[in-house]
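Numbering of the sequence shown is given in our numbering, commencing with residue 17 and proceeding in unit increments.
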Amino acid sequence: MSAAFPKNIETFSDGESFIIRRKWFTNAAFFYLFFSILWNGFMVVWMGLAIRDGVWLMAAFGSLHAGVGLYLIYFTTAKFLNVTDITITPEQLTTQHTPLPWIGLKEIPIHRITRLYTKEHVQSGEDGDTITYRVMLLADGKKEHKLITGLEEHAQAKFIKTAICGILGLEEVDLADIIENPRSY
């Protein structure tokens, strides 16, 4: 692996296809692990007391929160284990998340892809704004697809976009260019 690769990004080729792999693991996974243990530990105590004392309304209310706890376990495990593979073959571009199934599977025929660009995503929260990056794909000149989201660094998004544009022979364009001159694209 070359030093030019952004953090958590690798590439592979088997002759027939080119794969860009993004690992989901970041230091934030440890925060999710801690929070998941805390949340689920509290829910075990809550549900245990509710069932032991026969307070079924408390148990019913707790079951919603227990569901959130199960999601946290799944999400945290995915943050440690999952990767996203963007596979490019002569026929199609595919994104797939493994080993734990996750939403976002895409299969787009190569001939439909007209443009790729990066996009900054700002999510406001109590502790301030969180900025992540996305690689967006334009199919048939008008249908926008999120190819990959949740990238921590712009360099990751730019690398993925540049690699795919190079393989497909597409012109690289910045989102700012599209906004300033929408009719030229």
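Don't be surprised by glycine CBs; every beta carbon is placed ideally from N, CA and C.
Residue interval of the alpha helix (DSSP H) (run including residue i)
i	result
residue 173	170-184
residue 84	72-97
residue 7	This structure cannot settle anything about residue 7, because the visible part of the chain is limited to 17 through 201.
Contact set for residue i: own chain, Cβ-Cβ below 6 Å, skip 5 residues either direction
i	result
residue 139	146
residue 39	24 and 99
residue 27	36
Residue j beta carbon less than 7 Å from that of residue i
i	j	result
residue 171	residue 128	no
residue 150	residue 130	no
residue 148	residue 161	no
residue 76	residue 59	no
residue 85	residue 55	yes
residue 112	residue 125	no
Segment limits, beta strand (DSSP E) that includes residue i
i	result
residue 114	108-114
residue 124	122-125
Neighbourhood of residue i by C-beta distance below 8 Å, restricted to the same chain and skipping five residues each side
i	result
residue 45	92, 95 and 96
Selection from the options that minimises the alpha carbon distance to residue i
i	options	result
residue 110	29, 35 and 22	35
residue 29	187, 186 and 180	180
residue 89	32, 176, 50 and 80	50
residue 103	122, 74, 157 and 153	122
One or two residues paired with residue i in a DSSP bridge
i	result
residue 152	133 and 162
residue 30	BP columns for residue 30 are empty, so no partner.
residue 157	The partner list for residue 157 (beta bridge, DSSP) is empty, contrary to what the question assumes.
residue 101	37 and 112
Beta-carbon proximity list for residue i, same chain, < 7 Å, skipping 5 on both sides
i	result
residue 118	94 and 98
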